Amino acid sequence: MINLSERLLMTASLVREGKRIADIGTDHAYLPVYLVLSGKNPSAIASDVRVGPLENARQTVKENSLEEKIELRLSNGFDMLYYTEADDFVLAGMGGTLMTELVSRTEWLKNEGLHLVLQPQSHAQDIRKYLCENGFEIKTELCVNEGERLYIAFDAYFTGEAHKKDETYYYFGSLPENTDDNSALYVEKLIKRLEKEREALKNSGHDYSYIDNVLRGVKNG
0 MINLSERLLM
10 TASLVREGKR
20 IADIGTDHAY
30 LPVYLVLSGK
40 NPSAIASDVR
50 VGPLENARQT
60 VKENSLEEKI
70 ELRLSNGFDM
80 LYYTEADDFV
90 LAGMGGTLMT
100 ELVSRTEWLK
110 NEGLHLVLQP
120 QSHAQDIRKY
130 LCENGFEIKT
140 ELCVNEGERL
150 YIAFDAYFTG
160 EAHKKDETYY
170 YFGSLPENTD
180 DNSALYVEKL
190 IKRLEKEREA
200 LKNSGHDYSY
210 IDNVLRGVKN
220 G
């Protein structure tokens, strides 16, 4: 059995049971191998944009005798995939800006029944903003502590109903509403980081009003 990190276990928990999955940017394919081996999911596509990581993935799949259940595919994001091939699409371990680029150029993700599982390493505000303003609804948001670093993940479905939210939501999501310690600590650390950015912008004579609006929203929320 594959032993996943806390970050990937959190991500795996958001994948729906019994669904076909596609792991975009799979690296070593630990996540799809874990999900198929555990019986949670029947099959997977493990894709990566680079040959090296895909070969690492191939080795993991082979070591676990899953060649018949996990397909390896060289693909830049979703470019070499189609919506009929999977139900749950996972993007983990990349920045929110890159996620936004990959998702925004893939119109077929706007099909009913498809499910996105996202674990942004940075710039989560970019992908949250895109999703909200382009007809997706963000559902569950989670946070874990791994190696003294906090990681977040959330899932989303396309509803067709665009809804613009304030900048505070794009930065913090629904994490301030969570009751677990990790979410509270993540919110606290993000506030401190934004306060430092605000001071740097202020000292350099740049506009920092958007950060004021974000901080005002989370502190009053």
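First residue of the sequence shown? That's 0 in numbering that gives the first Met the number 0, and the numbers climb one at a time after it.
A virtual CB, placed ideally from N, CA and C, is assigned to each residue, including glycine.
The structure displayed is predicted, hence computed values, not measured ones.
Buried versus exposed call for residue i [16 or more other C-beta atoms within 10 Å across all chains shown]
i       : result
Pro-175 : buried
Asp-78  : exposed
Val-50  : exposed
Gly-204 : exposed
Met-9   : buried
Pro-119 : buried
Gly-95  : buried
Asn-181 : buried
Beta-carbon proximity list for residue i, same chain, < 6 Å, skipping 5 on both sides
i       : result
Ala-43  : Ile-20, Pro-31, Val-35, Ile-69
Phe-157 : Lys-109, Gly-134, Phe-135
Asn-75  : Val-48
Lys-164 : Cys-131
Glu-111 : none
Neighbourhood of residue i by C-beta distance below 8 Å, restricted to the same chain and skipping five residues each side
i       : result
Glu-166 : Gln-124, Tyr-209, Asn-212, Val-213, Gly-216
Lys-138 : Phe-153, Asp-154, Ala-155, Tyr-156
Nearest neighbour of residue i, chosen from the options [CA to CA]
i       : options                         : result
Ser-46  : Asn-202, Val-60, Gly-24, Asn-55 : Gly-24
Asp-22  : Ala-85, Ser-12, Glu-160         : Ala-85
Gln-58  : Glu-5, Asp-26, Phe-88           : Asp-26
Leu-7   : Met-93, Leu-73, Lys-163, Asn-55 : Met-93
Ser-121 : Ala-91, Met-0, Ile-1            : Ala-91
Spatial distance of residue i from residue j (CA atoms)
i       : j       : result
Tyr-81  : Asn-144 : 34 Å
Leu-113 : Thr-83  : 9 Å
Ala-183 : Ala-152 : 15 Å
Ala-155 : Glu-147 : 27 Å
Leu-97  : Glu-16  : 27 Å
Thr-99  : Glu-62  : 33 Å
Lys-18  : Leu-200 : 46 Å
Ala-56  : Arg-192 : 35 Å
Leu-149 : Ala-28  : 22 Å
Tyr-33  : Leu-73  : 20 Å
Leu-3   : Val-89  : 15 Å
Asp-87  : Ala-11  : 11 Å
Leu-189 : Asn-177 : 15 Å
Pro-41  : Glu-187 : 39 Å
Glu-5   : Gly-159 : 33 Å
Met-0   : Glu-106 : 36 Å
Glu-67  : Ser-37  : 15 Å
Ile-126 : Asn-202 : 29 Å
Whether residue i touches residue j by CB criterion (8 Å)
i       : j       : result
Leu-108 : Leu-115 : yes
Gly-172 : Glu-140 : yes
Val-60  : Lys-39  : no
Leu-53  : Leu-71  : yes
Lys-218 : Tyr-169 : no
Cys-131 : Asp-179 : no
Tyr-185 : Arg-197 : no
Neighbourhood of residue i by C-beta, 7 Å cutoff - its chain only, sequence neighbours within 5 removed
i       : result
Arg-104 : none
His-162 : Cys-131
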